[in-house]
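Chains E and D are the protein sequences, given in the same order. Take 255 as the starting number for the first sequence in the working numbering and just add one per residue. Take 8 as the starting number for the second sequence in the working numbering and just add one per residue. Heads up: the structure comes next, in structure tokens.
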Amino acid sequence: MSNFFNKSDLTRQDVDKLVSETLNNCDDGELYLEESKSESILLDDNKIKSSNYSSDLGFGFRAISNEVVAYSYSNEISKDSLKNSSENLKSTLKSIKGTYNHEIPKSNKKFYKDINPIEQKTLDSKLEVLNKVNEFLRKKDGSVKQVTASFAGEQKSIEIIRSGGESLTDVRPLIRFNVSVMLEKNGRKETGVYGIGGRQSYDDYLKNDNWKNVCEEAFRIASVNLESKPAPAGEMKVVLGPGWPAILIHEAIGHGLEGDFNRKKTSAFHNLMGEKVASEGVTIVDDGTIDNRRGSLTIDDEGTPTERTVLIENGILKNFMQDRHNARLMNTRSTGSGRRENYRHIVLPRMRNTMMLSGNQTQDEMIKSVDKGIFAVSFGGGQVDITSGKFVFNCTEAYEINNGKIGSPIKGATLIGDGPSILKEVSMVGNDMMLDPGIGTCGKAGQGVPVGVAQPSILIDKMTVGGTKI
Amino acid sequence: MVKDQEFLKLKASYCLDLAKKMGATDASVVVGHSISETVNFRNKSLEASDRSDGLALSIETYLGKRRSSISSSNLLDENIKTLIEKCFETTKITPEDEFNSLPDKNLLSKQISSLNLYDQTRFENDKKIKYLKDLEEAASSENQIINTESSFTENKSNFILANSDGFCDGYKTSSFTTSCVTVAKDENSMERDYEFSSKRHLSDIKQASDLGNKSAEQTIRKLNPNKIGSEKISIIFDKRISKGMLSVFASAISASAIARGTSFLKDKIGQQVFANSINVIDKPDIIKGMGSQNFDSEGVNSNTLQLIENGILKNYLVDTYNGKKLNLQSNGRSGGTTNLYFENGNISYEDLLKKNLKSLYITETIGHGSNLVTGDYSVGATGFLVEDGEFRYPVNEITIAGNFKDMFKNITLANDLELEYSVNSPTMMIEGMTVAGK
Numbered sequence: 255m256s257n258f259f260n261k262s263d264l265t266r267q268d269v270d271k272l273v274s275e276t277l278n279n280c281d282d283g284e285l286y287l288e289e290s291k292s293e294s295i296l297l298d299d300n301k302i303k304s305s306n307y308s309s310d311l312g313f314g315f316r317a318i319s320n321e322v323v324a325y326s327y328s329n330e331i332s333k334d335s336l337k338n339s340s341e342n343l344k345s346t347l348k349s350i351k352g353t354y355n356h357e358i359p360k361s362n363k364k365f366y367k368d369i370n371p372i373e374q375k376t377l378d379s380k381l382e383v384l385n386k387v388n389e390f391l392r393k394k395d396g397s398v399k400q401v402t403a404s405f406a407g408e409q410k411s412i413e414i415i416r417s418g419g420e421s422l423t424d425v426r427p428l429i430r431f432n433v434s435v436m437l438e439k440n441g442r443k444e445t446g447v448y449g450i451g452g453r454q455s456y457d458d459y460l461k462n463d464n465w466k467n468v469c470e471e472a473f474r475i476a477s478v479n480l481e482s483k484p485a486p487a488g489e490m491k492v493v494l495g496p497g498w499p500a501i502l503i504h505e506a507i508g509h510g511l512e513g514d515f516n517r518k519k520t521s522a523f524h525n526l527m528g529e530k531v532a533s534e535g536v537t538i539v540d541d542g543t544i545d546n547r548r549g550s551l552t553i554d555d556e557g558t559p560t561e562r563t564v565l566i567e568n569g570i571l572k573n574f575m576q577d578r579h580n581a582r583l584m585n586t587r588s589t590g591s592g593r594r595e596n597y598r599h600i601v602l603p604r605m606r607n608t609m610m611l612s613g614n615q616t617q618d619e620m621i622k623s624v625d626k627g628i629f630a631v632s633f634g635g636g637q638v639d640i641t642s643g644k645f646v647f648n649c650t651e652a653y654e655i656n657n658g659k660i661g662s663p664i665k666g667a668t669l670i671g672d673g674p675s676i677l678k679e680v681s682m683v684g685n686d687m688m689l690d691p692g693i694g695t696c697g698k699a700g701q702g703v704p705v706g707v708a709q710p711s712i713l714i715d716k717m718t719v720g721g722t723k724i
Numbered sequence: 008m009v010k011d012q013e014f015l016k017l018k019a020s021y022c023l024d025l026a027k028k029m030g031a032t033d034a035s036v037v038v039g040h041s042i043s044e045t046v047n048f049r050n051k052s053l054e055a056s057d058r059s060d061g062l063a064l065s066i067e068t069y070l071g072k073r074r075s076s077i078s079s080s081n082l083l084d085e086n087i088k089t090l091i092e093k094c095f096e097t098t099k100i101t102p103e104d105e106f107n108s109l110p111d112k113n114l115l116s117k118q119i120s121s122l123n124l125y126d127q128t129r130f131e132n133d134k135k136i137k138y139l140k141d142l143e144e145a146a147s148s149e150n151q152i153i154n155t156e157s158s159f160t161e162n163k164s165n166f167i168l169a170n171s172d173g174f175c176d177g178y179k180t181s182s183f184t185t186s187c188v189t190v191a192k193d194e195n196s197m198e199r200d201y202e203f204s205s206k207r208h209l210s211d212i213k214q215a216s217d218l219g220n221k222s223a224e225q226t227i228r229k230l231n232p233n234k235i236g237s238e239k240i241s242i243i244f245d246k247r248i249s250k251g252m253l254s255v256f257a258s259a260i261s262a263s264a265i266a267r268g269t270s271f272l273k274d275k276i277g278q279q280v281f282a283n284s285i286n287v288i289d290k291p292d293i294i295k296g297m298g299s300q301n302f303d304s305e306g307v308n309s310n311t312l313q314l315i316e317n318g319i320l321k322n323y324l325v326d327t328y329n330g331k332k333l334n335l336q337s338n339g340r341s342g343g344t345t346n347l348y349f350e351n352g353n354i355s356y357e358d359l360l361k362k363n364l365k366s367l368y369i370t371e372t373i374g375h376g377s378n379l380v381t382g383d384y385s386v387g388a389t390g391f392l393v394e395d396g397e398f399r400y401p402v403n404e405i406t407i408a409g410n411f412k413d414m415f416k417n418i419t420l421a422n423d424l425e426l427e428y429s430v431n432s433p434t435m436m437i438e439g440m441t442v443a444g445k
């Protein structure tokens, strides 16, 4: 655990006193301290292209009264700097008085270990894996024209100091291993990308030469796309495969259920609490408590222990995701969803691991039931317009379905739908729920945070496929 | 106050000296300081204020053809020393790459001309509050507007770039950015739209009420949208979307994408890639330009480049490393384009709307549907159906798709270019794309 003050001119008592003085007349707030160490190593075009190490240290001081949030951050931890920030907060909130809420739930459960993944594997052995990936793929097939492979690792230590001197801490490891391959055949080029990761050491993910599986999957996706035909355009039935395609849930439903948009009534869901927003049999949770997952957190960035929040139960909207600020203004409690990218950013209610739970049908039944439609297996990114509810995501591996049979692969196309109504179009829920491989980053208000998703196969009766073939 | 040149130079030379002392054959360093203050408003009252004060340092050390880098926000000498040691240790075991080197000394920028990129005016938070009040007052004057959010950010930055070949220069920049997001509602729908203004100098920022009015007007006209059928239709891209086509083009001609072979524009120098009426320029020395620079991120002098001349691709965007790979000299584009724009077309905006009996006018796209390897493009879109040159009704929940190779050759530009941002385009029409709707 980092000691944030031992190299500064501050004692722990100074800090506690300043934090209490600053926040006493506010409704909430904290001093957030963060130290992160990160590395990224990239092999590209047959070479180790870059090897970067980065260390970052800083604080963010936040004071909230009524609806106003004052925030100040700096990467200099010193008496002067902290005092400046305190003055800054006080001057913003000078005319608004609050009553500090000292209550914060406690838990002693931890969902990952206090490790530094960067130091648990030598640079040499990381370089060796990357070189092996390059060799393996280039030997595998003459069509391989480009290979990119990378390691990214991070350890983030945080401390939250609240008024009254209460302190909450967490140490968060995170790694990601990624492979991208480009193939060229008969003048056509296509790429395939695959990655794995989470909150354990590199070797936990790479044991038994698991890097080979990552390579095979990237290669398989690229090969499928080399044979792809133009995608159809228009409304049709869509079968989504299990796992990563759950970014549909993340975009279509997840963002719209974040507390801030609903407090401000700018989400298409804000007046639907308790209403039926999905077909029967559809249950969606946002869970920060799954061991070692990319989206899991022991405590959120306000110090609240995370939990498994039921968002939609059997089709009915049950809960929004809340941080302390929005929860207080909506007279409810935080769901441990307060997150920030780093000390430079304010806390927002965010997703963790967003999952649709299994039903009892099979993927086979779904495909067989479709006369004309598409089967989407893998995706790139997605995006949503919270207010209109319209969302998109991009297929990176998809096939035609004709008369109940999977046909040719189709080119990457965007799928578009309407968040509040899409889950009512779900007519079958599979029994094959799967977690994604640990690669998701969610962007909101310019802040990226690691997240996870999961779902079983599902059949959507009507969705617009953005291909070029009419 | 943002740190002065002397302070940053001192830190930079400390880093270079230390790297040399440890045995690095070459090194380069960037030290920067940035202060920014933001005020956020919502429904005509203060919602948040945010002040940031950040130092940043990044160093690259070379041992012959081996290279690695570190970055940090902690500028204490003791911490810098530990990091440079770590960086140099990593450099020693990083494999050689024959293309690694500092930029050619002859290409380095020799002198800095004043581009007027820094406005020292301090716009106090109270004044930001007044500005946002006026803005939201205007934005919420129509009763269909049910939510307004706006912000004003003032930023002052300074940096020094130095390398072991003796380059050591940098300059201050400022920016003032204000934006407004409005939500409108009627019985059938709820829609959101926005407007913003971003300038180097405070006095160039748009009037608060103009910004608010424009955002509200753009939002209200989106209410009660229809979905249209799937068809081939000519598509008109509003200026705020058409400039995105230039960003895609810029990514596709970066030397790194070309050297890696992952661009649909590889090996196209000297060939027709746009319609023959199209010219694309990248001009780094526009006074007060949002993308203006005296030199690129390696210190290389950057001059105006004609990227497309009468539809023909003339230049890639070349940095030192990828330039060596391609056997090309750096043209000062490490870090990308500067002020990039399409030259005006020769048809008015009104005539462009009337050019076809029916077209689709796009004001927003969502999704990441640009594939630079294949050129395939497919994104979600919102906009308006245009008939006989008139906006008929709003359209949403559709996608538009095509391939950049064809799209670029079917572009018609209006003559309404304004050089406002770092990427700028007139209104654009592209024929032959597919809309997917009902």
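Note that the Cβ used here is the ideal one computed from N, Cα and C, for glycine as well.
DSSP on Val280 (chain D), reduced to helix/strand/coil?
Working through the second sequence from its first residue, we reach residue 280 (chain D) at position 273. It is coil, neither helix nor strand.
Check whether the Cβ atoms of Lys18 (chain D) and Leu82 (chain D) lie closer than 8 Å to each other.
Numbered from its first residue, the second sequence carries residue 18 (chain D) at position 11. Numbered from its first residue, the second sequence carries residue 82 (chain D) at position 75. One thing to note: Lys18 (chain D) has its Cβ within 8 Å of the Cβ of Leu82 (chain D).
So, using beta-carbon positions, are Ala282 (chain D) and Gly251 (chain D) closer together than 8 Å?
Here residue 282 (chain D) refers to the residue found at position 275 of the second sequence. Here residue 251 (chain D) refers to the residue found at position 244 of the second sequence. Inclusion of Ala282 (chain D) and Gly251 (chain D) in the CB contact set at 8 Å is not warranted, their separation being larger than that value.
Which bits of chain D does Lys301 (chain E) rub up against, with CB to CB less than 8 Å?
Here residue 301 (chain E) refers to the residue found at position 47 when the first sequence is read from its first residue. Residues of chain D passing the Cβ test: Pro102 and Asp104.
So Lys361 (chain D) and Leu320 (chain D) are supposed to be a Cβ contact under 8 Å. How far apart are they, rounded?
Start at 1 with the first residue of the second sequence, and residue 361 (chain D) comes out as number 354. Start at 1 with the first residue of the second sequence, and residue 320 (chain D) comes out as number 313. That belief does not hold up - the Cβ atoms of Lys361 (chain D) and Leu320 (chain D) are roughly 31 Å apart, past 8 Å.
So, do the stretch 19-34 of chain D and the stretch 684-691 of chain E have three or more beta carbon pairs nearer to each other than 8 Å?
By the Cβ test, the stretch 19-34 of chain D is not in contact with the stretch 684-691 of chain E, since fewer than three Cβ pairs between them sit closer than 8 Å.
Which residue spans inside the stretch 609-638 of chain E form an unbroken alpha helix (DSSP H) run of at least 4?
Those alpha helix (DSSP H) runs which fall completely within the stretch 609-638 of chain E and span 4+ residues are 617-622.
For the putative contact between Asn338 (chain D) and Ser116 (chain D), defined by C-beta atoms under 8 Å, what is the C-beta separation to the nearest angstrom?
Reading the second sequence from its first residue, position 331 is the one you call residue 338 (chain D). Reading the second sequence from its first residue, position 109 is the one you call residue 116 (chain D). No, Asn338 (chain D) and Ser116 (chain D) are not in contact; Cβ-Cβ is about 13 Å, not under 8 Å.
Chain E beta carbons: is any one of them nearer than 8 Å to that of Lys246 (chain D)?
Reading the second sequence from its first residue, position 239 is the one you call residue 246 (chain D). Not closer than 8 Å to any Cβ of chain E, the Cβ of Lys246 (chain D) fails to qualify, so no.
In or out: Asp618 (chain E) buried (at least 16 other Cβ within 10 Å) or exposed?
As a working mapping, residue 618 (chain E) is identified with position 364 in the first sequence. Counting Cβ neighbours within 10 Å, Asp618 (chain E) comes out exposed, since fewer than 16 surround it.
Residues from the stretch 607-633 of chain E in contact with chain D, defined by Cβ distance under 8 Å:
Those residues of the stretch 607-633 of chain E that come within reach of chain D (Cβ to Cβ, closer than 8 Å) do not exist; the list is empty.
Which bits of chain E does Glu238 (chain D) rub up against, with CB to CB less than 8 Å?
What you label residue 238 (chain D) is simply residue 231 of the second sequence in a count that begins at 1. Per Cβ cutoff of 8 Å: Ile724.
I'd like the span of the alpha helix (DSSP H) that includes Ser341 (chain D), first residue to last.
Taking the second sequence and counting its residues from 1, the one referred to as residue 341 (chain D) is at position 334. Unbroken run through Ser341 (chain D): none, as it is neither H nor E.
Between the Cα of Met584 (chain E) and the Cα atoms of E:Gly513, E:Ala652 and E:Cys649, which residue gives the shortest distance?
Position 330 of the first sequence, counted from the start, is the residue given in the question as residue 584 (chain E). Ranking E:Gly513, E:Ala652 and E:Cys649 by Cα distance to Met584 (chain E) puts E:Gly513 first.
Below 8 Å between beta carbons: does that hold for Ser432 (chain D) and Ser249 (chain D)?
As a first step, residue 432 (chain D) must be located in the second sequence, where it is residue number 425. As a first step, residue 249 (chain D) must be located in the second sequence, where it is residue number 242. Ser249 (chain D) sits close to Ser432 (chain D), with the two beta carbons spaced by under 8 Å.
Going by CA-CA distance only, name the one from E:Gly671, E:Thr423, E:Ser335 and E:Ala472 that's closest to Asn362 (chain E).
For the purposes of this step, residue 362 (chain E) is identified with residue 108 of the first sequence, where counting begins at 1. Its Cα nearest to that of Asn362 (chain E), the residue E:Thr423 stands out among E:Gly671, E:Thr423, E:Ser335 and E:Ala472.
Every unbroken alpha helix (DSSP H) inside the stretch 55-143 of chain D [4 residues or more]:
Runs found: 84-100.
Cα-Cα separation, Asp84 (chain D) to Ser339 (chain E)
The residue labelled residue 84 (chain D) in the question sits at position 77 within the second sequence. The residue labelled residue 339 (chain E) in the question sits at position 85 within the first sequence. So the alpha carbons of these two residues sit roughly 24 Å apart.
Residues, ordered as in the chain, of the stretch 405-418 of chain D that lie near chain E by beta-carbon distance below 9 Å
Cβ contacts with chain E come from Ile405, Thr406, Ile407, Ala408, Gly409 and Asn410.
Is the shortest distance between the beta-carbon of Val386 (chain D) and the beta-carbons of chain E less than 8 Å?
Within the second sequence, residue 386 (chain D) is the residue found at index 379, counting from 1. By this cut-off, Val386 (chain D) is an interface position.
Note the first and the last residue of the continuous beta strand (DSSP E) segment covering Gly488 (chain E).
Reading the first sequence from its first residue, position 234 is the one you call residue 488 (chain E). Element bounds for Gly488 (chain E): Ala487 to Leu494.
Do Thr265 (chain E) and Met197 (chain D) have their C-beta atoms within less than 8 Å of each other?
What you label residue 265 (chain E) is simply residue 11 of the first sequence in a count that begins at 1. What you label residue 197 (chain D) is simply residue 190 of the second sequence in a count that begins at 1. The answer is no: Cβ separation not under 8 Å.
Looking at the structure shown, is Lys301 (chain E) part of a helix, part of a strand, or coil, going by DSSP?
In the first sequence, counting from the first residue as 1, residue 301 (chain E) sits at position 47. Lys301 (chain E): strand per DSSP, three-state reduction.
When you compare only the Cα positions, how much space is there between Asn464 (chain E) and Ser711 (chain E)?
On the first sequence, residue 464 (chain E) is found 210 positions in, with the first residue counted as 1. On the first sequence, residue 711 (chain E) is found 457 positions in, with the first residue counted as 1. Annotation: Asn464 (chain E) to Ser711 (chain E) spans about 25 Å, alpha carbon to alpha carbon.
Check whether chain E comes within 8 Å of Met197 (chain D), counting only Cβ atoms and requiring the distance to be less than that.
Stepping through the second sequence from its first residue, residue 197 (chain D) is reached at position 190. For Met197 (chain D), the answer is yes, since a Cβ of chain E falls inside 8 Å of its Cβ.
Can you list, in chain order, the residues of the stretch 301-334 of chain E whose Cβ is nearer than 8 Å to any Cβ on chain D?
For the stretch 301-334 of chain E, which is checked against every Cβ of chain D, the residues closer than 8 Å are Lys301, Ile302, Lys303, Ser304, Ser305, Asn306, Tyr307, Ser308, Ser309, Asp310, Leu311, Gly312, Glu321, Val322, Val323, Ala324, Tyr325, Ser326, Tyr327, Ser328, Asn329 and Glu330.
Cβ of Thr269 (chain D) within 8 Å of any chain E Cβ
Position 262 of the second sequence holds residue 269 (chain D). Closer than 8 Å: yes.
Determine, using beta-carbon pairs with one atom in the stretch 252-261 of chain D and one in the stretch 335-350 of chain D, whether at least three such pairs fall under 8 Å.
The answer is yes - the stretch 335-350 of chain D touches the stretch 252-261 of chain D, with three or more Cβ pairs under 8 Å.
Alpha carbon to alpha carbon, what distance is there between Ile265 (chain D) and Leu437 (chain E)?
Residue mapping note: residue 437 (chain E) aligns to position 183 of the first sequence, counting from 1. Residue mapping note: residue 265 (chain D) aligns to position 258 of the second sequence, counting from 1. C-alpha separation (whole angstroms): 15 Å.
Close beta carbons around Asp457 (chain E), own chain, < 8 Å, minus the five adjacent residues each side
Your numbering for residue 457 (chain E) matches position 203 in the first sequence. These residues qualify, in order along the chain: Gln374 and Lys375.
Could you confirm whether any beta carbon from chain E is found closer than 8 Å to the beta carbon of Ser304 (chain D)?
Along the second sequence, read from residue 1 onward, the residue named residue 304 (chain D) stands at position 297. Using beta-carbon distances, Ser304 (chain D) does not count as an interface residue toward chain E, since no partner is under 8 Å.
Can you tell me which residues form a DSSP beta bridge with Arg49 (chain D)?
Counted from its first residue, the second sequence places residue 49 (chain D) at position 42. According to DSSP, which records beta bridges pairwise, Arg49 (chain D) is partnered with D:Ser52 and D:Glu156.
Using the beta-carbon count (16 or more within 10 Å), is Phe633 (chain E) buried or exposed?
The residue labelled residue 633 (chain E) in the question sits at position 379 within the first sequence. Phe633 (chain E) is buried by the Cβ-count criterion.
Out of E:Ser411, E:Thr445, E:Leu384 and E:Ser455, which one is the CA nearest neighbour of Phe429 (chain E)?
Taking the first sequence and counting its residues from 1, the one referred to as residue 429 (chain E) is at position 175. First, the residue type needs correcting, since residue 429 (chain E) is Ile and not Phe in the sequence shown. Of E:Ser411, E:Thr445, E:Leu384 and E:Ser455, the residue nearest in Cα terms is E:Ser455.
Which whole-angstrom value is the C-beta distance of Tyr178 (chain D) and Met297 (chain D), which I expect to be below 8 Å?
Taking the second sequence and counting its residues from 1, the one referred to as residue 178 (chain D) is at position 171. Taking the second sequence and counting its residues from 1, the one referred to as residue 297 (chain D) is at position 290. Tyr178 (chain D) to Met297 (chain D), Cβ: 15 Å. No contact.
Extent of the continuous alpha helix (DSSP H) run through Asn329 (chain D)
Reading the second sequence from its first residue, position 322 is the one you call residue 329 (chain D). Annotation for Asn329 (chain D): the continuous alpha helix (DSSP H) segment containing it runs Thr327 to Leu333.
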